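Enquirer:
There are 2 protein chains.
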Amino acid sequence: MTLGDPTESGAQQIRDAIRDAIVERRLAPGTKLSENDVGGLFNVSRTLARAALQALSYEGLVSVEKNRGAFVAYPSPEEARQIFAARRLVEPGILKSAAERITPAQLNQLRQLLLEEGRLMGERGQSARRAEIKASGDFHLMLASFSGNLIMQRFMEELVARSSLVIALYGQSSASSCGHSEHGDIITALERKEIDRACDLMLHHIAHIEADLDLRERKSFGLKEAFER
Amino acid sequence: MTLGDPTESGAQQIRDAIRDAIVERRLAPGTKLSENDVGGLFNVSRTLARAALQALSYEGLVSVEKNRGAFVAYPSPEEARQIFAARRLVEPGILKSAAERITPAQLNQLRQLLLEEGRLMGERGQSARRAEIKASGDFHLMLASFSGNLIMQRFMEELVARSSLVIALYGQSSASSCGHSEHGDIITALERKEIDRACDLMLHHIAHIEADLDLRERKSFGLKEAFER
DNA sequence: ATGCGCTAAATTGTATACAACTATCTGCGT
DNA sequence: ACGCAGATAGTTGTATACAATTTAGCGCAT
Numbered sequence: 096m097t098l099g100d101p102t103e104s105g106a107q108q109i110r111d112a113i114r115d116a117i118v119e120r121r122l123a124p125g126t127k128l129s130e131n132d133v134g135g136l137f138n139v140s141r142t143l144a145r146a147a148l149q150a151l152s153y154e155g156l157v158s159v160e161k162n163r164g165a166f167v168a169y170p171s172p173e174e175a176r177q178i179f180a181a182r183r184l185v186e187p188g189i190l191k192s193a194a195e196r197i198t199p200a201q202l203n204q205l206r207q208l209l210l211e212e213g214r215l216m217g218e219r220g221q222s223a224r225r226a227e228i229k230a231s232g233d234f235h236l237m238l239a240s241f242s243g244n245l246i247m248q249r250f251m252e253e254l255v256a257r258s259s260l261v262i263a264l265y266g267q268s269s270a271s272s273c274g275h276s277e278h279g280d281i282i283t284a285l286e287r288k289e290i291d292r293a294c295d296l297m298l299h300h301i302a303h304i305e306a307d308l309d310l311r312e313r314k315s316f317g318l319k320e321a322f323e324r
Numbered sequence: 096m097t098l099g100d101p102t103e104s105g106a107q108q109i110r111d112a113i114r115d116a117i118v119e120r121r122l123a124p125g126t127k128l129s130e131n132d133v134g135g136l137f138n139v140s141r142t143l144a145r146a147a148l149q150a151l152s153y154e155g156l157v158s159v160e161k162n163r164g165a166f167v168a169y170p171s172p173e174e175a176r177q178i179f180a181a182r183r184l185v186e187p188g189i190l191k192s193a194a195e196r197i198t199p200a201q202l203n204q205l206r207q208l209l210l211e212e213g214r215l216m217g218e219r220g221q222s223a224r225r226a227e228i229k230a231s232g233d234f235h236l237m238l239a240s241f242s243g244n245l246i247m248q249r250f251m252e253e254l255v256a257r258s259s260l261v262i263a264l265y266g267q268s269s270a271s272s273c274g275h276s277e278h279g280d281i282i283t284a285l286e287r288k289e290i291d292r293a294c295d296l297m298l299h300h301i302a303h304i305e306a307d308l309d310l311r312e313r314k315s316f317g318l319k320e321a322f323e324r
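Just so you know, the sequences run in chain order A and B. Numbering-wise (my numbering), the first sequence opens with residue 96 and increments by one. Numbering-wise (my numbering), the second sequence opens with residue 96 and increments by one.
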């Protein structure tokens, strides 16, 4: 996706690794992320670990409490509501912008992603489930990248990542696959240039995801288990 | 010296101070911000200076180049266009959300801000001009805060701050005062519960600001600027 | 002068050291 | 057993030290 810097700095790599772990739910909300442990895991000093955690806090994925340390964010129900309100507010506009400039090749990319998503839906197991979560988010991110607006793209990356946290906390297990057919419907509307309909479908899609939320407790992996393979 | 929020860490204070300086145009785009200088200015070590600069880079106000240091962001014309595209995409939704929950007291706050803005417009001098810029941005930020969505509020803070940079670079001098009456029109529409009209006015307002920009590629500095620092 | 290669100075990248704070444990008194 | 003061260990906050890289300066050949 972003091929700006060929060499990602140390802290950025760590940030990305932890973010993936959070988004793919290997790290549960509320998990403590001590600077020593993080640094130890990646064989770097606390300096870089700390920088990575700070970066994640700017994205809303980690909350750092003064003199107490960093934790995987544990969004409140109100926060969750605001995250989805933001998505409802923003995604139709992104979709519209993307629809105006989308190419057949890009439509094909979306179809391909949908296929992959469907394939993963059929499989069982934690790892397939994680990949499915990621693919589902990637659909929205790909649309954002097609909008041609890097700022909105980055904002969507933040919203999708935080949504994953919310779903991890409050989502019901069967919910995540619900969106699949809706993704397909949106693509179809895009192919037919029915932009308003696509926006409408998107709004309903987001509403459906949100409607499936409910309070729920999840058990967490420890930090070490999340990264050892 | 400052007996502010004790939870605000040193790095955050420095970040806020530098951000204010950038938004109020006391620091010109492209200005080098060396960690030593920043630390020296605030009597802290490079550690905190670096953290503050990193934070600002996440907000898009500072660009850090690997092994080269941090500079006040110098948004390209394309970046400028995307910033305003993002605002057009987002602000109508924010306005709508705010309109649905706004109270008479809050409408009054907006009126008050408008008054202050008008007062500053009359004055001359750099400092009044900076205050005017700030007040103009505060109008949009206040609306965002009335939307009740903290995430959108933070996003708008970023967009308004970056807009200030863009206007500093590409704005024509007489332009910034244009928006004043439009702010008033939007408030009036809000008072009359004409939400769609308010959104329309907002879109035109943003378009007007953008239309006043001279988005020509200024790839190279003038010779004078290139050597002074 | 202009351009090139080299050395020296300055700046950033990362690790370590120390200070400040928090959390945990211990031992005592009740 | 319970609660609490104080010691102890562990964690974070900040400063400093060292390594890696860039930038600036200088001499030299063309």
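All C-beta atoms in this analysis are idealised placements derived from N, C-alpha and C, irrespective of residue type, glycine included. Remember, predicted model here, so these are calculated numbers, not experimental data.
Report the rounded CA-to-CA distance for A:H235 versus A:M251, giving the unit in angstroms.
Expert: Cα-Cα distance, rounded: 8 Å.
Enquirer: Who are the Cβ neighbours of A:L292 in its own chain at under 6 Å, not counting the five residues just before and after it?
Expert: According to the sequence as given, residue 292 of chain A is Arg; it is not Leu. Only A284 meet the Cβ criterion.
Enquirer: Which runs of the alpha helix (DSSP H) spanning at least 4 residues fall entirely within the region 201–279 of chain B, listed in chain order?
Expert: The qualifying runs are 221–241 and 245–265.
Enquirer: At a CB-CB cut-off below 7 Å, which residues of chain B make contact with A:Y246?
Expert: The sequence shown places Ile at residue 246 of chain A, not Tyr. The contacting residues are Q177, I178 and A181.
Enquirer: Does B:L318 get closer than 9 Å to chain A when you measure Cβ to Cβ?
Expert: Low confidence applies here, because B:L318 scores a pLDDT of 39, under 50, leaving its location unreliable; read the following figure in that light. With 9 Å as the cut-off, B:L318 does not count as an interface residue toward chain A.
Enquirer: Classify B:S152 as helix, strand or coil using the three-state DSSP reduction.
Expert: Correct three-state label for B:S152: helix.
Enquirer: Rounded to whole angstroms, what is the Cα-Cα separation between A:E253 and A:G155?
Expert: For A:E253 and A:G155, the distance between alpha carbons rounds to 8 Å.
Enquirer: Helix, strand or coil: how does DSSP classify B:A165 here?
Expert: Residue state, collapsed to three classes: strand.
Enquirer: For A:V167, which residues in chain B fall below 8 Å Cβ to Cβ?
Expert: Chain B residues near A:V167: none, gap ~18 Å exceeds 8 Å.
Enquirer: In whole angstroms, what separates the C-alpha of B:S104 from that of A:R145?
Expert: If you take the alpha carbons of B:S104 and A:R145, they lie about 14 Å apart.
Enquirer: Report buried or exposed for A:P172, applying the criterion of at least 16 other Cβ atoms within 10 angstroms of its Cβ.
Expert: Exposed.
Enquirer: Since A:Y169 and A:P124 should fall inside the 8 Å C-beta cutoff, what is the C-beta to C-beta distance between them, to a whole number of angstroms?
Expert: At roughly 4 Å, the Cβ-Cβ gap stays under 8 Å, so A:Y169 and A:P124 are in contact.
Enquirer: Are there 16 or more other CB atoms within 10 angstroms of the CB of A:H303, so buried, or fewer, so exposed?
Expert: Label assigned to A:H303: exposed.
Enquirer: Span of the alpha helix (DSSP H) holding A:S192?
Expert: Taken as a continuous stretch (DSSP letters only), the alpha helix (DSSP H) holding A:S192 covers P172 to R196.
Enquirer: According to a CB-to-CB cut-off of less than 9 Å, which residues of the region 143–162 of chain B neighbour chain A?
Expert: Against chain A - using a Cβ distance shorter than 9 Å - the residues of the region 143–162 of chain B are R145, A146, Q149, A150, Y153, E154, G155 and K161.
Enquirer: For A:S259 and A:G220, which I take to be in contact (beta-carbon distance under 8 Å), what is that distance rounded to the nearest angstrom?
Expert: In fact, because the Cβ distance is near 18 Å, the residues do not count as touching under 8 Å.
Enquirer: Is B:F322 helix, strand or coil when you go by DSSP?
Expert: Note that B:F322 scores 36 on pLDDT, short of 50, meaning its location in the model is unreliable; the coordinates nonetheless yield the value given after this. In this structure, B:F322 counts as helix in the three-state DSSP scheme.
Enquirer: Indicate whether A:Q149 and B:L245 have their beta-carbon atoms separated by less than 9 Å.
Expert: No; because the gap between Cβ atoms is not below 9 Å, this pair is not in contact.
Enquirer: Check the Cβ of B:S259 against every Cβ in chain A and list those closer than 9 Å, keeping chain order.
Expert: Under the 9 Å cutoff, chain A gives no residues; its nearest Cβ is about 15 Å from B:S259.
Enquirer: With DSSP run on the structure shown, which of helix, strand or coil describes B:E305?
Expert: Residue state, collapsed to three classes: helix.
Enquirer: Who are the neighbours of B:R164 on chain A, taking C-beta pairs under 7 Å?
Expert: In the sequence on display, residue 164 of chain B carries Gly and not Arg. Within 7 Å Cβ-Cβ: nothing; B:G164 doesn't reach chain A, min ~14 Å.
Enquirer: Given this structure, state the Cα-to-Cα distance separating A:V133 from A:R121, to the nearest angstrom.
Expert: About 15 Å.
Enquirer: With distances taken between CB atoms, is the gap from B:I117 to B:F137 smaller than 9 Å?
Expert: No, these two residues do not count as a Cβ contact at 9 Å.
Enquirer: Let me check one thing: in DSSP terms, what residues is B:L128 bridge-paired to?
Expert: Beta-bridge pairing links B:L128 to B:A165.
Enquirer: DSSP three-state label for A:T102, please.
Expert: Reliability of the predicted coordinates at A:T102 is poor, the pLDDT of 46 falling under 50, and the value obtained from them is presented with this limitation in mind. Residue state, collapsed to three classes: coil.
Enquirer: Taking Cβ positions only, does B:V185 come closer than 9 Å to chain A?
Expert: At least one chain A Cβ lies under 9 Å of B:V185.
Enquirer: What residues from the region 202–223 of chain B come within 8 Å of chain A, judged by C-beta to C-beta, listed N to C?
Expert: Answer set for the region 202–223 of chain B: empty.
Enquirer: How many whole angstroms separate the CB atoms of B:R114 and B:A256, which I take to be in contact at a CB cut-off of 8 Å?
Expert: Sure, about 7 Å apart at Cβ, within 8 Å.
Enquirer: Could you tell me which of A:L143, A:I301, A:S140 and A:L208 sits nearest to A:A230, measuring between CA atoms?
Expert: It is A:L208.
Enquirer: Within its chain, find whatever has a CB closer than 7 Å to the CB of A:P187; leave out the 5 residues flanking it on each side and keep chain order.
Expert: Cβ within range, chain order: C294, M297 and L298.
Enquirer: Buried or exposed, going by whether 16 or more other CB atoms sit within 10 Å of the CB of A:E212?
Expert: So A:E212 counts as buried.
Enquirer: Reducing DSSP to helix, strand and coil, say where B:V159 ends up.
Expert: B:V159 falls in the strand class under three-state DSSP.
Enquirer: Given a threshold of 16 other Cβ atoms within 10 Å of its Cβ, counted over all protein chains shown, does B:A194 qualify as buried or as exposed?
Expert: Buried is the call here.
Enquirer: Spatial neighbours of A:A106 within its chain, please: C-beta separation below 6 Å, excluding the five flanking residues on both sides.
Expert: Contacts found: L143, A146 and A147.
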